[in-house]
Each structure stands twice: as C-alpha cells, then as structure tokens.
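First comes the structure, then the notes that go with it.
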Amino acid sequence: MSRPYIRMYKGIQIPWSASPSQKEEAYRAAGLVKTQGTIFMIPPEHNALIQAFEAPPRPRTRSSSGAVALCKHFERGGASSEHGKAHPFWPLPTGSNENKTRLAAETLNTMLKDLAWRNVMLLHPGVAVYEVRNSLGYGMRWTLELEENVSKSENSSISDSTSVSEKHQPDRADAEKAWTVKKILFRGFLEPIIGMDDELPQRTEGG
Numbered sequence: 001m002s003r004p005y006i007r008m009y010k011g012i013q014i015p016w017s018a019s020p021s022q023k024e025e026a027y028r029a030a031g032l033v034k035t036q037g038t039i040f041m042i043p044p045e046h047n048a049l050i051q052a053f054e055a056p057p058r059p060r061t062r063s064s065s066g067a068v069a070l071c072k073h074f075e076r077g078g079a080s081s082e083h084g085k086a087h088p089f090w091p092l093p094t095g096s097n098e099n100k101t102r103l104a105a106e107t108l109n110t111m112l113k114d115l116a117w118r119n120v121m122l123l124h125p126g127v128a129v130y131e132v133r134n135s136l137g138y139g140m141r142w143t144l145e146l147e148e149n150v151s152k153s154e155n156s157s158i159s160d161s162t163s164v165s166e167k168h169q170p171d172r173a174d175a176e177k178a179w180t181v182k183k184i185l186f187r188g189f190l191e192p193i194i195g196m197d198d199e200l201p202q203r204t205e206g207g
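When we follow UniProt numbering, the leftmost residue of the sequence shown carries the number 1, and every step to the right adds one.
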C-alpha cells in the first residue's frame, strides 16, 4: 500500500530509533507513525474498529456510537445541521436514527479506505487512543483499554495500595511494553490539525 505516512504532519513526528527494537520495527513496517506518546502496538483489526463504531454508546440507544458522535461533531467547521449548511468533509446527519447510523457507517467505510495517518498513543497507564486520518487531515479516534502483560514477579512488586495513576506517568518504556486490548470504544471525529495544512500530502507531494 503506497500512502504518504512519512510526509504527512512531519512537524509532530519524532525520529525512529537508530537501533530499533523488534516492536518498533514491526510498528514502523505496518505503516504507522511515531509521535510523542506513541506505543509500539499494532492496532486492532478493522472489524474490531467497526464493531466498536457500530455499538450503541449506552443501553437502549437506537443510534450507533459513530452516529451519535457524528451528530455532535457536525457543527464544527462552520457547518450547521439546523440551517442545512454543509461541512467541508463530514456528511449532514439527517433523518431517522437508523438513517444516521447508516450514514455514519458509510463515513467510516470511506475513512478506512484512505488511511494516510495511523498512530497508537498512550494517554495514561491502561488507556490508549488509536488515531487515524485521511489524506485531507480528517480523522477518527478509538479508545483502547489496555492491560499490561507482566510476569507474576513484576506484578507482585507493585503495591496493592498504589492506584494506577500513582504508579507512573507514561514514559518511553511504555512504548516497548506488551499490551493486551481489553476493550475498544469509539471516541469521536477529528478535524485537520490547525495551522498545519501545508503539511498535508496533497499540498506537499506536488512541491
């Protein structure tokens, strides 16, 4: 797959290691990017992302998580569902809950066919986000609830009285740890990064 991974948003990427670990090599070979907070974990497969996107955000909710998020996000970028003003990229979510869910699913399918940016970042111990963007800079995020794969000896060294947030803040060592994804939740939609339009592929590849 030929995609401008390296050339997109170069200003927020950080260099790869001179002597990379196997985890970093596999992560890079999979076409993902490295920024502050990146962990070298291969993201979930598309079917798992779709399942989280299509799941209802709450019990008895008739719309998918993706549809609810699209309705909330649409007003950004100067769009207005009330006045029928179009967004430059995201479709207008109208009609029944079922129609909004269908429209959101089509939007996800379009996004997954044009992935120009993919990154897995640790927010804090046990929680990461998987961020994808298309060649225009628009994107989506999923929350990944993680569990570190540790040996019994390592686990016993952590005091039971210490909360997860007190153990440590995310650091470079986290990038190399072995993580298991326990739960995937759709987080929301993304606009292009403000002030970085000149670093988008369609603006750089012709220059």
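Note that CB positions come from ideal geometry on N, CA and C, so glycine has one too.
Taking the Cα positions, S65 is about 6 angstroms away from A55.
About 7 angstroms separates the beta carbons of L70 and F189, which is inside the 8 angstroms limit, making them a contact pair. Residue M121 holds the alpha-carbon nearest to the alpha-carbon of L146 among R133, W90, M121 and Y138. Secondary structure note for V68: its alpha helix (DSSP H) is the uninterrupted segment S65 to H73.
Residue state for L32 is assigned as coil, using DSSP reduced to three classes. E147 carries a strand assignment under DSSP once its states are collapsed to helix, strand and coil. For I39, there is no enclosing alpha helix (DSSP H), as DSSP marks it with neither H nor E. Between R60 and N97, the gap from beta carbon to beta carbon reaches 8 angstroms or more. Note on P201: 16 or more other CB atoms within 10 angstroms of its CB, so buried under the neighbour-count rule.
Assignment of F189 by DSSP, reduced to helix, strand and coil, places it in the strand class.
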